[in-house]
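Below you'll find the structure, written out as structure tokens, and then a few comments.
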Amino acid sequence: GQQVMQIPQYQHVQEGEDFTTYCNSSTTLSNIQWYKQRPGGHPVFLIQLVKSGEVKKQKRLTFQFGEAKKNSSLHITATQTTDVGTYFCAGCASNYQLIWGAGTKLIIKP
Amino acid sequence: DAGVTQSPTHLIKTRGQQVTLRCSPKSGHDTVSWYQQALGQGPQFIFQYYEEEERQRGNFPDRFSGHQFPNYSSELNVNALLLGDSALYLCASSLGLITGELFFGEGSRLTVL
Chain A
5 GQQVMQIPQY QHVQEGEDFT TYCNSSTTLS NIQWYKQRPG GHPVFLIQLV KSGEVKKQKR
65 LTFQFGEAKK NSSLHITATQ TTDVGTYFCA GCASNYQLIW GAGTKLIIKP
Chain B
309 DAGVTQSPTH LIKTRGQQVT LRCSPKSGHD TVSWYQQALG QGPQFIFQYY EEEERQRGNF
369 PDRFSGHQFP NYSSELNVNA LLLGDSALYL CASSLGLITG ELFFGEGSRL TVL
């Protein structure tokens, strides 16, 4: 079946360092969404990418959608403690069903 | 503007019992999706309801069933509970069938003993 692989599972960074998470789909996606889930919370929508090669920025967050619409990345510049949480990608398959990655947990080292 | 509300927030059941979870979508939304999230895992899609019908279903057994009411609220029913059903059950609402932004509720934490 269709799968979305997300790596890494965890990333430990010092505050101020950058963070990146990657998603790869086994099939071409119609769009990809990114969500953030704080510890003990629920997923919160960050962004949706639709076009091949699309790049979108939200302050320190940069989202990319690959040319083949099979991969995507989220990059956070100069992480802050408020960035802590798990970041999920969710790819929209041809049947409009969202396929979720397993998430990347961002941990800020003390 | 009320967001997505779910009830109950926590519940404990024993194996073999049945459970019903409830969800009211965000105002103006007509589509409800249910997800199961085990600890440390990503959300797993259970099913989606639109116009009171199940439109999409993930890889979950028939023990998982649902319903959507005319006011767009929804229920998730799980029969013959197993220990492995212990998880956070998330309801997400959206507008229409074309997949767009999902708004999630706080979830219902189910523990099966």
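Those protein sequences? They're chains A and B, same order as listed. Residue numbering for the first sequence follows my numbering, starting at 5 and increasing by one per position. Residue numbering for the second sequence follows my numbering, starting at 309 and increasing by one per position. Backbone N, C-alpha and C define an ideal beta-carbon position, used for all residues, glycine too.
Look at Thr85 of chain A here: in three-state DSSP terms it is helix.
Under the three-pair Cβ rule at 8 Å, the region 344 to 357 of chain B does not count as touching the region 320 to 332 of chain B. The alpha-carbon of Asn28 of chain A is positioned some 20 Å away from that of Glu409 of chain B.
If you look at Ser382 of chain B, you'll find it in the beta strand (DSSP E) that goes 382 to 386. Chain order gives the chain A residues near Gly350 of chain B as Phe92, Trp104, Gly105, Ala106, Gly107, where near means a beta carbon separation below 7 Å. Under the Cβ criterion of 9 Å, Ser76 of chain A is not counted among the residues facing chain B. Excluding the 5 residues flanking it on each side, Gln18 of chain A has same chain C-beta neighbours closer than 6 Å at Lys113, in chain order. For the pair Gly20 of chain A and Lys63 of chain A, the Cα-to-Cα distance works out to about 14 Å. Taking the C-beta atoms as reference points, Glu359 of chain B is found no nearer than 9 Å to His375 of chain B. Per DSSP, reduced to three states, the secondary structure at Leu347 of chain B is coil, with no helix or strand assignment. For the C-beta of Tyr26 of chain A, not a single chain B residue is nearer than 7 Å; the gap to the nearest is close to 15 Å. With a beta-carbon spacing of about 5 Å, Leu421 of chain B and Thr322 of chain B fall inside the 8 Å limit used to define contacts. If you look at Gly374 of chain B, you'll find it in the beta strand (DSSP E) that goes 372 to 376.
The continuous beta strand (DSSP E) containing Glu362 of chain B extends over residues 361 to 365. For Arg323 of chain B, there is no enclosing beta strand (DSSP E), as DSSP marks it with neither H nor E.
Taking the beta carbon of Pro12 of chain A as reference, no residue of chain B falls within 9 Å; the closest one sits roughly 14 Å away.
For His16 of chain A, the uninterrupted beta strand (DSSP E) segment begins and ends at 14 to 18. Using a 10 angstroms sphere on the CB of Gly415 of chain B, the tally of other CB atoms reaches 16 or more, which defines it as buried. Two segments are said to touch when three or more pairs of C-beta atoms, one from each, lie closer than 8 Å; by this definition the region 28 to 48 of chain A touches the region 95 to 114 of chain A. In this structure, Thr339 of chain B lies near Tyr380 of chain B, with their beta-carbon atoms less than 9 Å apart.
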